[in-house]
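Here the protein sequences line up with chains A and B, keeping their order.
Throughout the first sequence, residue numbering follows our numbering, covering 1 to 269 in sequence.
Throughout the second sequence, residue numbering follows our numbering, covering 1001 to 1445 in sequence.
Cβ atoms here follow ideal geometry from the backbone N, Cα and C, with glycine treated the same way.
The model shown is predicted, which means the values in this text are computed figures rather than measured ones.
What follows is a single structure, written as structure tokens, with notes after it.
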Amino acid sequence: MTKSLIYSLSFHVVMILLTVLSLPFMIRQPVDLPPIISVELIQISDKTNIPYAPKARKIIKKVKEEEKRVVSEQAPPAAKAKEKPDRIPLPKKQDEKKELVKKKQNPKEIKPEIRQASEFEKKDIIDTNQIATLIDKAKEESAKVEKNDLKLTQSNIKNSFATGLTLSEEDALRAQIFGCWTVPLGLPYDQDNFLVRIKLELKQDGTINKSEILDHERMNRPGQKFYKVLAESALRAVRICQPLRVPQTGYDKWKTIQLNFNPMEMLKG
Amino acid sequence: MNKIFYFFIIIFFKLNIAHSLIEVDITRGNLDPLPIAVSPLHVDIQSEKYEDIKIKELGNLISSVIEKNFKSTGLFNPLNKDAFVQKPDIAHLKPRFEDWRLITAQALVTGKILIKDGKLKVEFRLWDLAASQEMTALAFTTTPSNWRRVAHIISDKIYERLTGESGYFDTRIIYISETGPRTQRVKKLAIMDQDGANTKYLTLGNELVLTPRFNPTNQLVTYMSYFKNLPRVYLLDIETGIQEVVGNFPGMTFAPRFSPDGKKIIMSFAKDGNSDIYTMNLKTRLVERITEDSSIDTSPSFSPDGKYICFNSDRSGLQQIYTMKSDGTGSKRISFGNGIYGTPVWSPRGDLIAFTKMRAGKFYIGVMRSDGTGERLLTENYYQEAPSWSPNGRLLVFYRETKANKNGEGFSAKLWSIDITGYNERELKTETDASDPSWSALLSK
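If you want it as structure tokens, here you go:
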């Protein structure tokens, strides 16, 4: 009794382990996250208003005071009445509009919190060494990005894992069949399901060993005559195209391949 | 125990392989017409002479009719015979598929004819060149003078095999032949094959004739002509040439059409400025009033199942399309676009209604679903109207008039056809000017 129980338990454990390890749908796929790109949000005010650094402020104050003195030594300018502009006054509505525009452009309304922070406020003296380090860091970061580009992206890995073909291999095959498939033009416009699935068994040189229409029973259904025509056109395309453009290696992976023909996108735009 | 254990392991690995099958989606292809080679039909040496028919040329003649039919569809591209790589007799037995593929043909038609004992025997084969196999093969026997119909029937069979839809080549078109200056047009009832051959005139042109329509068996035609200076609906037997006035109405009757079973005629009857829709049973001659409205109800057309009728009416102010049950109840407006709608005709498939639309001085031929949705205008012109469906519901034939100059010159009326996709618009050649076409059902069912 105990022996059989142990056998049963061990057998079940083995089964569960096999299930977890072997079946592809049990494997947790890595989450396909796009690479994180840092974005710095900068709000630009209508008029740039960069405050001066304290040291610079002192120097500017001094220069201004000297200029003031120079001006006071000169004779004051004669008072002159302002000339009235010779033009027709605008209607009230337009005046209002103008005011509105002025309001928008008024720099006083810009809140101080959203002004761009100046480097002068952060540090009084600019350290040239630190700038150099900043440049160096930028170099390192760009080098990392280049390295990442050389590797496969997460979606690429997922694609090649699922299909056994890389994206470029898959595209090459697709492009080849696009050229060979003459889509029947007389297909009914009121149908929604045009999908034809063809399973191919290929030889190593890309020629077809065996072909099978997977939904062949649909051909004999009433009102589905067009499906037979469509399926035949798909088969014709594959035969005309052979040898198919398949990779030179990994024959076991693409020995059996399924092509899903669907002209819906073309017919309905 | 071990055996069971290994058995399960193998099953799991098999499952694993099954799940990782490579799938590639093909969502694009080329939309060029299918390249097809129509080989001249081989004439059997045992063939005997028959009247005026040149037997040696018959094979070429039949294949050229088939080619023309295919070319006119816009779906096929018949290849030039100069490029053909095999003699007709050998190709008919077993084509050299590799050689035919070299000229980019995807399908091949071959055939053989034999005239013996006053009978013409025609057989044909359709080959799939990519699959290197026969797709269909049929043989027909008829009188040799019927060779054009045989060519049309073969075209229908091939069309059906390659598109999945029934063909429309073995059909006729009845229309109004127009001759003479615009102010003094002579209008005759004329009938021809769908490709413009075999034109025959059914009336002499003494009376004005309009709107001819076939019955489902293609033997009877109903049309409008004048009787004692009043427009009246007539019935004509094409075989015997006997014609009669339909019903004894005290006013004018017009816009006649047969019911799908051919037992009734539906038409408009106008009296005192009011026009309503009536049906008349051709056997019992019983007349039934379908609409009872103060507006003008006209151009009725049955749905293919005979349960509904579409018609146009100005009951909403402007002329629009309406549908109702065949007993006249449940009337419903289905057209709501800008402009005036007229001449609605229900498709033989039952899903679409074709119509003429007038908007901003232009005329359009369009289609909409039977519930009024999905309106599509297929073609626009100065003046065009009266669409009629091909028996497979794929094409529309209509007529188009050109604008005359100040002296009344340059005016013409021609028949045109268009695919319901809006493509393949082409003129149907007729001996004279033509208007009011009506497409028959398939002659050979």
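If the cut is a Cβ gap below 9 Å, which residues of chain A does residue i touch?
i: residue 1312/B; result: By Cβ distance, chain A contributes nothing, its closest Cβ being about 24 Å from residue 1312/B, past 9 Å.
i: residue 1194/B; result: What residue 1194/B touches in chain A: nothing, since even the nearest Cβ is about 17 Å away.
Express the C-alpha separation of residue j and residue i in angstroms, rounding to a whole number.
i: residue 182/A; j: residue 233/A; result: 7 Å
i: residue 1389/B; j: residue 174/A; result: 39 Å
i: residue 1394/B; j: residue 1156/B; result: 13 Å
i: residue 1108/B; j: residue 257/A; result: 30 Å
i: residue 1042/B; j: residue 1300/B; result: 49 Å
i: residue 1130/B; j: residue 168/A; result: 27 Å
i: residue 243/A; j: residue 206/A; result: 4 Å
i: residue 1261/B; j: residue 1306/B; result: 8 Å
i: residue 1288/B; j: residue 1279/B; result: 5 Å
i: residue 1259/B; j: residue 1398/B; result: 21 Å
i: residue 1102/B; j: residue 253/A; result: 32 Å
i: residue 1138/B; j: residue 1125/B; result: 7 Å
i: residue 1334/B; j: residue 1117/B; result: 58 Å
i: residue 1088/B; j: residue 1081/B; result: 11 Å
i: residue 1357/B; j: residue 1371/B; result: 17 Å
i: residue 1381/B; j: residue 231/A; result: 39 Å
i: residue 1268/B; j: residue 1187/B; result: 22 Å
i: residue 1111/B; j: residue 1092/B; result: 6 Å
i: residue 1065/B; j: residue 1159/B; result: 14 Å
i: residue 1405/B; j: residue 1427/B; result: 22 Å
i: residue 1217/B; j: residue 245/A; result: 54 Å
i: residue 1323/B; j: residue 1396/B; result: 21 Å
i: residue 1438/B; j: residue 1173/B; result: 6 Å
i: residue 214/A; j: residue 238/A; result: 15 Å
i: residue 1369/B; j: residue 1030/B; result: 29 Å
i: residue 1361/B; j: residue 267/A; result: 32 Å
i: residue 1435/B; j: residue 1178/B; result: 7 Å
i: residue 1171/B; j: residue 248/A; result: 55 Å
i: residue 152/A; j: residue 179/A; result: For residue 152/A, the predicted model reports a pLDDT of 37, less than 50, meaning its position is unreliable; a value from the coordinates is still stated below. The alpha-carbon atoms of residue 152/A and residue 179/A are separated by roughly 29 Å.
Count the other CB atoms, across all protein chains shown, that sit within 10 Å of the CB of residue i; report buried if there are 16 or more and exposed otherwise.
i: residue 998/B; result: Lying outside 1001 to 1445, the shown extent of chain B, residue 998/B is not represented and no answer is given.
i: residue 1248/B; result: exposed
i: residue 13/A; result: exposed
i: residue 1079/B; result: buried
i: residue 1052/B; result: exposed
i: residue 20/A; result: exposed
i: residue 1417/B; result: buried
i: residue 1214/B; result: buried
i: residue 1181/B; result: exposed
i: residue 209/A; result: exposed
i: residue 1250/B; result: exposed
i: residue 1285/B; result: exposed
i: residue 1054/B; result: exposed
i: residue 1400/B; result: buried
List, in chain order, every chain B residue whose beta-carbon is nearer than 7 Å to that of residue i.
i: residue 176/A; result: Near residue 176/A there are no residues of chain B at all, since even the closest Cβ is about 10 Å away, more than 7 Å.
i: residue 248/A; result: Those within 7 Å of residue 248/A in chain B number zero; the least Cβ separation is about 16 Å.
Check the Cβ of residue i against every Cβ in chain A and list those closer than 8 Å, keeping chain order.
i: residue 1350/B; result: Within 8 Å Cβ-Cβ: nothing; residue 1350/B doesn't reach chain A, min ~11 Å.
i: residue 1109/B; result: Those within 8 Å of residue 1109/B in chain A number zero; the least Cβ separation is about 16 Å.
i: residue 1075/B; result: 184, 185 and 186
So is the beta-carbon of residue i under 6 Å away from any non-hydrogen atom of the ligand FMN?
i: residue 258/A; result: Looking at this structure, you won't find the ligand FMN or any other ligand, since it has none at all.
Mind checking who residue i pairs with in its DSSP beta bridge?
i: residue 1042/B; result: 1112/B
i: residue 979/B; result: The question about residue 979/B has no answer here: the residues shown for chain B are numbered 1001 through 1445.
i: residue 1438/B; result: 1174/B
i: residue 1224/B; result: 1210/B and 1233/B
i: residue 1342/B; result: 1356/B
i: residue 10/A; result: Answer is none; residue 10/A lacks a bridge partner.
i: residue 1137/B; result: 1125/B
i: residue 1069/B; result: Per DSSP, none; premise fails for residue 1069/B.
i: residue 200/A; result: 211/A and 257/A
i: residue 1313/B; result: 1297/B and 1320/B
What does residue i touch in chain B if you count any residue whose Cβ is under 9 Å from its own?
i: residue 262/A; result: 1025, 1026 and 1027
i: residue 237/A; result: 1026, 1029 and 1130
Using a Cβ cut-off of 7 Å, pull out every chain A residue sitting near residue i, in sequence order please.
i: residue 1365/B; result: Neighbours of residue 1365/B on chain A: none; closest Cβ ~17 Å, over 7 Å.
i: residue 1106/B; result: 182 and 236
i: residue 1021/B; result: 256 and 258
Using a C-beta to C-beta distance shorter than 8 Å, which residues of chain B count as neighbours of residue i?
i: residue 170/A; result: 1024
i: residue 173/A; result: 1024
Quiz prompt | Members of the segment 1032-1050 of chain B near chain A, C-beta cut-off 9 Å | solution = In summary, the residues of the segment 1032-1050 of chain B whose CB is separated from some CB of chain A by less than 9 Å are 1032, 1033, 1034 and 1035, in the order they occur in the chain.
Quiz item: Listed in chain order, which residues of the segment 1125-1144 of chain B have Cβ atoms closer than 9 Å to some Cβ of chain A?
Solution: 1128, 1129, 1130, 1131, 1132 and 1135
Quiz item: What are the residues of the segment 1152-1171 of chain B that lie near chain A, defined by any Cβ-Cβ distance shorter than 7 Å?
Solution: 1162, 1163, 1164 and 1165
Quiz item: What residues in the segment 215-233 of chain A bring their beta carbon closer than 9 Å to a beta carbon of chain B?
Solution: 224, 225, 226, 227, 228, 229, 230, 232 and 233
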